[in-house]
Amino acid sequence: MGSSDEILPFFMQFFQFSASYDDLPTFQYFVIAMGIVGAYIVLSRPFSIVTVIRPHAVAPKLVLLIFYTLALALNTSVAAAAAAIVYLGHNGNSDANWLAICQQFGDFCPQSSGAVVSAFVAVVIFVILILLSAYALRKV
């Protein structure tokens with residue numbers, strides 16, 4: 001999403017048509033929130049290693065479960081918000097007189113759609129991680 005940027009080849013003297021993720025606050029929220037989720041994944045590695053080395057330690061498993069749940073909530077909210085904007089980009093809204101912009105921008109919409117799909121794949125992965133963490137915590 002952060003690299004989705006397109007400028008249409010035709011322009012007038014003082015006006016040029018462009019689309020970028022930072023034109024929409026929802027996409028800015030998407031980039032920032034997914035950055036936070038990605039940073040959490042990197043920073044949770046030491047806790048995961050501790051749970052492998054000490055399988056009977058409850059505290060690291062509980063901390064991972066809580067933070068996985070928070071990351072899932074953030075990931076789900078950002079994916080849903082961005083999905084709504086991508087839907088409007090593809091279909092528009094005739095009641096609000098919002099036109100579909102994806103017919104004009106050929107690269108921007110597939111990139112943003114791909115980012116939203118990857119965010120929903122991450123949601124599924126977080127659900128699996130939460131289930132595995134809860135199962136591991138139950139066995140202790």
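The sequence shown begins at 1 in full-length UniProt numbering and counts up by one.
Just so you know, even glycine gets a beta-carbon here, dropped at the ideal spot from N, CA and C.
For clarity, every value in this text was computed on a predicted model and none was experimentally measured.
My understanding is that residue i touches residue j, with C-beta atoms under 8 Å, so please give their C-beta distance in whole angstroms.
i	j	result
residue 137	residue 58	7 Å
residue 65	residue 134	6 Å
residue 40	residue 67	6 Å
residue 24	residue 101	About 11 Å separates the two Cβ atoms, so there is no contact after all.
residue 34	residue 119	6 Å
residue 106	residue 99	So it is not a contact: roughly 16 Å between Cβ atoms.
Going by C-alpha to C-alpha distance, which of the options sits closest to residue i?
i	options	result
residue 80	106, 53, 112	112
residue 60	46, 69, 70	46
residue 114	77, 56, 82, 95	82
residue 44	96, 26, 104, 63	63
residue 139	55, 108, 124	55
residue 89	42, 38, 103	103
residue 76	48, 94, 116	116
residue 78	95, 96, 123, 109	123
residue 127	93, 70, 92, 107	70
residue 31	48, 42, 53, 74	74
Indicate whether at least one CB of chain B lies closer than 9 Å to the CB of residue i.
i	result
residue 57	Going by chain labels, chain B is absent from the structure shown, which holds only one protein chain.
What is the DSSP secondary structure of residue i, counted as helix, strand or coil?
i	result
residue 91	helix
Could you tell me if the beta carbon of residue i falls within a distance shorter than 8 Å of some heavy atom in the ligand ADP?
i	result
residue 130	Among the components of this structure there are no ligands whatsoever, and the ligand ADP is therefore not found.
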